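Sequences listed follow chains A, B and C, in order. Residue numbering for the first sequence follows our numbering, beginning at 137 and increasing consecutively. Residue numbering for the second sequence follows our numbering, beginning at 137 and increasing consecutively. Residue numbering for the third sequence follows our numbering, beginning at 137 and increasing consecutively. Written below as structure tokens is the structure these notes are about.
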Amino acid sequence: MPTALYGKDILHVKDLKLEQVSLILETAGRYESVLAQGGSLTNMTGQVLATLFFEPSTQTRLTFETAMLKMGGHVVSVTDAKTSNLDVKGEKLYDTGRMISAYASLAVIRHRAEGSAQELAEGASVPVVNGGDGAGQHPTQALMDVFTIKKERGRLNNLTITLVGDLKNGRTVHSLSWLLGKYGPRFYFVSPPELKMPAEITASLLEDGIEVFETADISEAAAKSDVLYMTRVQKERFADIEEYERLKDAYVVNAGFIRKCKHGITIMHPLPRLGEIAREVDAYEGAAYFRQTANGLPVRMAVIALLTGRE
Amino acid sequence: MPTALYGKDILHVKDLKLEQVSLILETAGRYESVLAQGGSLTNMTGQVLATLFFEPSTQTRLTFETAMLKMGGHVVSVTDAKTSNLDVKGEKLYDTGRMISAYASLAVIRHRAEGSAQELAEGASVPVVNGGDGAGQHPTQALMDVFTIKKERGRLNNLTITLVGDLKNGRTVHSLSWLLGKYGPRFYFVSPPELKMPAEITASLLEDGIEVFETADISEAAAKSDVLYMTRVQKERFADIEEYERLKDAYVVNAGFIRKCKHGITIMHPLPRLGEIAREVDAYEGAAYFRQTANGLPVRMAVIALLTGRE
Amino acid sequence: MPTALYGKDILHVKDLKLEQVSLILETAGRYESVLAQGGSLTNMTGQVLATLFFEPSTQTRLTFETAMLKMGGHVVSVTDAKTSNLDVKGEKLYDTGRMISAYASLAVIRHRAEGSAQELAEGASVPVVNGGDGAGQHPTQALMDVFTIKKERGRLNNLTITLVGDLKNGRTVHSLSWLLGKYGPRFYFVSPPELKMPAEITASLLEDGIEVFETADISEAAAKSDVLYMTRVQKERFADIEEYERLKDAYVVNAGFIRKCKHGITIMHPLPRLGEIAREVDAYEGAAYFRQTANGLPVRMAVIALLTGRE
């Protein structure tokens, strides 16, 4: 079923069925091998990817663009958040979707407003990928995280996974908990009370029979987890700067902390980090965050190729 | 005469002779067929287009860039309006023109100041295309509009065409009225009195024997026109925000309005729209604005190829 | 020794040995011939250059990007100085270096902070080129300046060279004086007392036996020099705007001034100029500044190819 994703949008990880996720992971694995062997791809020749980034980003945009270029495709890009005349209201994003469909084969959008990717997709006749919408979703980050966990741990099922940090506002952890939930994990959600995972996400996981432990204490979770997923507390999500200053250093992983974790624990982070993981941890063999970011390339190649039917 | 445009600048539609316009339209038609048949072009291989956008834009820049890429060429781009060290004075644009000529085969510029494209062209030894200079000119928009009218109506002569909105500040309608004037149209210019077409444009058209009706009332014009060209009232052109708020909703096309228009009327808009055309109009078969935006690609391909002698 | 630069960073001209500079100049000369003959290069096929520009620039970034594209490579770019989430602290640049190494073959960075290129390079496993860090270094500008002097004067040794303008804050003249110092020049450093060349640079040159004359008077220097290197007084380096206004017009080259210079003097400028060189000077055959900017392309092609071992 190689075209199971052909023509679809990826706006929310909930849109993906388990076999579609598997197809993406398997395709990404194949592309990773081609790249590792120095091979080249031409499956996107003559096609155009539009990257529409109305909010700061670098890694997401640059890896999507590299993914397209490495398959022989072209890229056009909007990054000028402040001055673009596309950043104001939903109706314009609908029109933008209609307009870019005239020359682009697919589009990736990042935008401050939740629902913006959906609005673009309504206008577009080509596939749209949500590259992060406000505190909402960031599905390709979740896909590369799952790809990483599978590579690092050898499996996706029967794992204990801890998500740490700003679970209220972090779109990365929202997308990831939805997606990992499909594989029957045991979850620890570690955050200050003010930054807990939204109740609707937790409730939905519990309904699906997933074990979820919510706590402000990282110790027990770290001692029992196979994967520790750190996130930064994002300043731009806070109205009150004092609240930000108080909460940002609540959880920090350093060499001493690693010694108290479960042996061989995998440390992940969507990067860039602020101070949540000390640089001394980089040398720890379970520190997977730089491998995790590198996995963005094959996963986004797979997403581009599968959505456009050019895998 | 395939190289009739080779080495030239396109700064103002007035620079174009009728046979040069015909050559562009004919070449664009040919490129459109190649694209529609899934063919590929390589005529710009190894060449570089510089897009210098010192004012917000997306469609103009992205379609120029796609046009270049689809012909096998490369693109380098400046879009960072605020922070670029090129945005201050004309003398610098002269130097910029000299400098980019060392590596680019042609340049497209958008800039807030009228005359900026001219200044760049004075320094450049390669062709320069004006991608919009303040309230001045936007010649490739006019070319794709004329290409659209010819496709939608089957001809360019003997048409009644209404231009609606901010005719004082809208560079799109300035370029378009100059260009359409070559084909002997009957014009209705519909605007509030404060936003009338500049007198020099109207006078020049009348001098050439063109019928021009200026009015604030859209009804008669709509009932008699083959083409209704809507424009948005651009907030950024107003010093007084209250005047903007009062004028922006003066003319709105919706389904009820269409029923009072001449049967089969073609509705155009340079996009993005604000609220001038209700989304319900999108389903009307004479709603040509999304086809119009799509026509930007073959027309800009033709312009790039003809100016560089690589058609 | 064709791979003598393979895998290295170019952060400071001091890092370059004389034979490495010679290799770059010789390689650039070869690429220049290929381009002049309309030939094409494919040595960077499938490779990606990341241009990370956190401070305004156009020529440096656009010539690096063109250089990469003209050798068959790809480019991904960050230019969004204000809104990028990478512009804040050194630790993030370290992480950025780690991250981009997963998909880019090399990176060029421009950043307001001295030492920023060094920080990026510490994280990166791929070569990093300093494209200008604050008032620090800009080594590829110095390389293209030396390449220009060699072409214009036929030699690099035994020349009298005058550097004029803001010698305190100008990174271009810092890099250039270090690099030219290797060829045993006689230097005139002409500036207002407030904007003198940093003492550490002058001291180091004197230590190496170079003749250095520091003066506020341009007349004697101009009468005795083979090369007059003008720079602009950069507004963005001044905290006090009044001091800027007073100093910016201290030295201006016009046609009358040229008549008082040594016969055949070569006039250079890193561009863009503000008012330091009148446009009437452009017609003087020794006005080399536009040829100088054009030399950026082959020199940067050479740097890219040599650092990545793909020359």
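Think of the CB as a built atom: it goes at the ideal place given N, C-alpha and C, for glycine as much as any other residue. None of the values given here were measured: they were computed from a predicted structure.
DSSP-derived helix/strand/coil call for residue i
i	result
B:Thr402	strand
B:Ser292	Looking at the sequence itself, residue 292 of chain B is Leu, so the reference to Ser does not match. Coil.
A:Thr450	Because chain A is modelled from 137 through 447, residue 450 of chain A falls outside the range shown and cannot be assessed.
C:Arg322	strand
A:Ser213	strand
C:Val184	strand
C:Val157	helix
B:Thr351	strand
B:Val149	helix
B:Ala375	coil
A:Ile245	strand
C:Asp302	coil
A:Val388	coil
C:Tyr365	strand
A:Asp281	helix
B:Gly471	Any property of residue 471 of chain B remains undetermined from this structure, which presents chain B solely from 137 to 447.
C:Val262	coil
B:Thr444	coil
Closer than 8 Å at the beta carbon, the chain A residues around residue i
i	result
B:Leu433	Ala238, Tyr239
C:Gly182	Ser176, Lys206
B:Gln448	Past the boundaries of the shown model lies residue 448 of chain B; chain B is included only from 137 to 447, so the question cannot be answered.
Residue i burial status per 10 Å Cβ neighbour count (16 or more: buried)
i	result
C:Asp344	exposed
C:Gly290	exposed
A:Glu347	exposed
B:Asn293	exposed
A:Asp145	buried
B:Arg382	exposed
C:Lys153	exposed
A:Gly272	buried
B:Leu147	buried
C:Lys384	buried
B:Pro329	exposed
A:Arg178	The amino acid occupying residue 178 of chain A in the given sequence is Thr; Arg does not appear at that position. So A:Thr178 counts as exposed.
Contact with chain B by residue i, beta-carbon distance below 8 Å
i	result
A:Gly422	no
C:Pro329	no
A:Val262	no
Proximal chain A residues relative to residue i, where beta-carbon distance stays under 7 Å
i	result
C:Arg234	Phe426
B:Ala430	Ala238
Residue-level contact to chain A via CB, residue i, 8 Å cutoff
i	result
C:Ala186	yes
C:Val439	no
C:Ser220	Low per-residue confidence applies at C:Ser220: pLDDT is 46, beneath 50, and the placement is therefore not dependable, though the value from the model is reported in the following sentence. Chain A, which has a Cβ nearer than 8 Å to the Cβ of C:Ser220, makes this yes.
B:Leu242	no
B:Pro334	no
Contact list for residue i against chain B, beta-carbon separation under 7 Å
i	result
C:Thr199	Tyr239
Closer than 8 Å at the beta carbon, the chain C residues around residue i
i	result
B:His448	With chain B represented from 137 up to 447, any question about residue 448 of chain B goes unanswered, as that position is not in the structure.
CB contact below 8 Å: residue i versus chain C
i	result
B:Gly226	Only weak support exists for where B:Gly226 lies, its pLDDT of 45 falling under 50; the value from the coordinates is given anyway. With 8 Å as the cut-off, B:Gly226 does not count as an interface residue toward chain C.
A:Lys153	no
Chain-ordered chain B contacts of residue i [CB-CB under 9 Å]
i	result
A:Val458	Residue 458 of chain A lies beyond the residue range present for chain A, which begins at 137 and ends at 447; the question has no answer from this structure.
C:Pro406	The contacting residues do not exist; C:Pro406 stays about 11 Å from chain B at best.
A:Val214	Thr194, Arg197, Leu198, Thr215
Minimum Cβ-Cβ distance from residue i to chain E less than 8 Å
i	result
A:Ile401	Absent from the structure is chain E; the protein chains it does hold are A, B and C.
For this session: Count the CB pairs spanning the segment 160 to 170 of chain C and the segment 237 to 246 of chain C that are closer than 8 Å, and state whether there are at least three.
Result: no
Problem set entry | Cβ contact check for the segment 353 to 364 of chain B and the segment 398 to 405 of chain B: 3 or more pairs under 8 Å | yes
Exercise. Would you call the segment 179 to 195 of chain C and the segment 154 to 165 of chain C in contact, with 3 or more CB pairs under 8 Å?
Worked result: no
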